[in-house]
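The block underneath contains the structure these notes are about, expressed in structure tokens.
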Amino acid sequence: GENVEQHPSTLSVQEGDSAVIKCTYSDSASNYFPWYKQELGKRPQLIIDIRSNVGEKKDQRIAVTLNKTAKHFSLHITETQPEDSAVYFCAAANFGNEKLTFGTGTRLTIIP
Amino acid sequence: NAGVTQTPKFQVLKTGQSMTLQCAQDMNHNSMYWYRQDPGMGLRLIYYSASEGTTDKGEVPNGYNVSRLNKREFSLRLESAAPSQTSVYFCASRTRGGAASPLHFGNGTRLTVT
């Protein structure tokens with residue numbers, strides 16, 4: 001089955017700086033890679049996703065990059081703000097497989 | 113539009129007791145899922161149902177059973193609770209077919225087994 005590794009487990013950055021979270025996956029058949037944000041005590045919510053036919057996707061201050069050859073993908077948050085503090089999860093899935101496998105999460109703290 | 117609704121929000125059980133976690137979605141989604149979340153372990157799939165009438169095991173199915181009662185409802189049952197099942201449980205749903213679609217999560221059930 002799919003295995004997703006996520007690093008780092010914790011990350012602290014100064015407000016206004018950039019944050020990068022990295023994930024690797026094991027199944028070369030995976031072709032859908034979403035990122036979820038979970039604020040304290042809340043449910044995970046999708047913030048951005050990318051499909052394997054795309055190398056990069058941006059949405060305002062958030063971007064995701066995908067390297068299919070190396071089987072890794074990354075989340076980039078620029079101009080970080082206090083409300084970016086949360087736990088972020090990466091995940092991987094195959095379109096034809098109903099299972100979504102998650103990484104272990106990164107706790108991001110923005111230092112004012 | 114409520115999305116995914118889970119009940120109860122909190123539950124404390126003694127070892128050996130049983131209970132059922134309820135989940136319902138009103139988005140006409142085909143697929144439904146149960147995940148557990150433990151510190152440092154991320155979200156691990158317990159069981160899922162790709163369509164009404166079907167269920168399949170995920171990564172950590174031992175000690176659990178599920179029922180896809182109809183298209184809207186997917187319940188998770190603990191027959192004999194153990195302290196190792198202390199966790200936060202999330203139900204989720206999504207559409208299926210061809211294009212990828214995101215998971216929509218419920219608000220979670222915090223379960224403590226003493």
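Residue numbers (my numbering), protein chains in the order written: chain S, 1 to 112; chain X, 113 to 226.
Virtual Cβ for every residue (Gly too), placed ideally from N, Cα, C.
None of the values given here were measured: they were computed from a predicted structure.
Own chain residues within Cβ distance below 6 Å of residue i, not counting five before or after
i: X:S187; result: T132, Q134, S179
i: S:K22; result: H7, S74
Residues that residue i contacts on chain X, provided the C-beta gap is smaller than 8 Å
i: S:A93; result: A212
i: S:D49; result: A212, P214
i: S:T24; result: Under the 8 Å cutoff, chain X gives no residues; its nearest Cβ is about 14 Å from S:T24.
Three-way DSSP call (helix, strand, coil) for residue i in this model
i: X:Q129; result: coil
i: S:P34; result: strand
i: S:Q81; result: coil
i: X:S249; result: What the structure shows of chain X is the stretch from 113 to 226, and residue 249 of chain X is not part of that stretch, so it cannot be assessed.
i: S:Q60; result: coil
CB contact below 8 Å: residue i versus chain S
i: X:N219; result: yes
i: X:S199; result: no
i: X:L181; result: no
i: X:F186; result: no
i: X:L133; result: no
Min CB distance residue i to chain X below 8 Å
i: S:E15; result: no
i: S:F89; result: yes
i: S:P112; result: no
i: S:L185; result: Residue numbering for chain S in the displayed model covers 1 to 112; residue 185 of chain S lies beyond these limits and cannot be assessed.
i: S:P44; result: yes
Proximal residues to residue i (C-beta, below 8 Å), its chain only, five neighbours per side dropped
i: S:E15; result: T80, Q81, P82, I110, I111, P112
i: X:H184; result: With the sequence shown as reference, residue 184 of chain X is identified as Arg, and His is not the correct amino acid for it. Cβ neighbours of X:R184 beyond the five flanking positions: A136, Q137, D138.
Among the options, nearest to residue i - alpha-carbon criterion
i: S:L75; options: S:G103, S:F95, S:N3, S:A29; result: S:G103
i: S:F73; options: S:E98, S:N97, S:N53; result: S:N53
i: S:G1; options: X:Y145, X:K169, X:L215; result: X:K169
i: X:R189; options: X:G115, X:A114, X:W146; result: X:W146
i: S:T101; options: S:S26, S:R61, S:T10; result: S:S26
Own chain, CB closer than 7 Å to residue i, minus 5 neighbours either side, in chain order
i: S:D59; result: I48
i: S:E39; result: A86
i: X:V116; result: C135, Q137, C203, A204, S205, H216, F217, G218
Residues that residue i contacts on chain X, provided the C-beta gap is smaller than 9 Å
i: S:P34; result: A212, P214, L215
Chain X contact residues for residue i, given Cβ-Cβ distances below 7 Å
i: S:I103; result: The residue you asked about is not Ile; residue 103 of chain S is Gly in the sequence shown. Result: G154.
Partner residues on chain S for residue i, Cβ-Cβ distance less than 7 Å
i: X:A162; result: E98
Chain S residues whose Cβ lies nearer than 9 Å to that of residue i
i: X:S143; result: E98
8 Å Cβ cut-off: residues of chain S touching residue i
i: X:G170; result: K99
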